[in-house]
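Residue numbers (this note's numbering): 2 to 247. The beta-carbon is built from N, C-alpha and C at its ideal position, and this holds for glycine as well. Below you'll find the structure, written out as structure tokens, and then a few comments.
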Ligand SMILES: Nc1ncnc2c1ncn2[C@@H]1O[C@H](COP(=O)(O)OP(=O)(O)OP(=O)(O)O)[C@@H](O)[C@H]1O
Ligand SMILES: [Mg+2]
């Protein structure tokens, strides 16, 4: 079924790492089709953040390739990828606490004209009304869930076609996690193709078209979100304990 769909982002045989001589990813393969929401799950230290960072120019790719539509983008700098329509929300420290909500959003779009900024601020606050209500408040005073909305909103200011999210529900209460997953689904429905790394594996797979399970820097399993949720190996090795810990 997949072959006729357009691939927007693809990694092939990625080897990447931080320290000389220490490879964290040891041959990772990943594909995102246009319009998809794809989840990446796996244990702590599996290399999930590293995979996403390596596709956003933040980790050195030592071999293998990253492709965005028809173009090879391996090791391009993050700001060039933003210009090409890729947005990224890091796992931690993803807002500027001393700046206001409005300033944070504008930081995501500093190259744009004033009229475009106004229009996009309106789009973001339509999507996340709570940000609109707190537009002049300092980001450091927002709740965890509101911060995640702000971090996503900032990435959306550049109207990316591909959005990379690293653990958007981390540290949030179960109720707020539900909000975040609803927000992610809503963003995806606007046509943005999304890659989402998540600790909350079950919830993530429930809303994902497809998923990848990483373990020790490699692909362990992949399939549809539904298929992975019901795969006995995935349940035993990766979903059981995580589900229990919630
Ligand atoms: N900046 C860094 N410098 C050196 N090693 C790093 C760096 N960041 C991550 N690592 C190492 O890379 C490995 C994979 O880390 P990564 O952050 O990709 O895992 P993860 O799957 O995202 O884990 P988590 O679920 O805890 O977020 C770990 O062993 C980690 O110690
Ligand atoms: Mg991580």
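- Non-local beta-carbon contacts of residue 126 in its own chain, meaning distances under 6 Å to residues more than five positions away in sequence, involve 132, 133 in chain order.
- Within the DSSP secondary-structure output, residue 27 pairs in a beta bridge with 16.
- Between residue 110 and residue 117, the C-beta spacing is below 9 Å.
- In the DSSP assignment, residue 48 falls outside any alpha helix (DSSP H) and carries neither an H nor an E.
- Not one heavy atom of ligand 2 lies closer than 8 Å to the C-beta of residue 94.
- By the Cβ-count criterion, residue 149 is buried, with 16 or more other Cβ atoms from all chains shown falling within 10 Å of its own Cβ.
- At least one heavy atom of ligand 2 lies closer than 8 Å to the C-beta of residue 50.
- Annotation: the continuous alpha helix (DSSP H) that includes residue 145 extends over 145-157.
- Ranked by Cα distance from residue 79, the options 231, 61, 123, 185 are led by 61.
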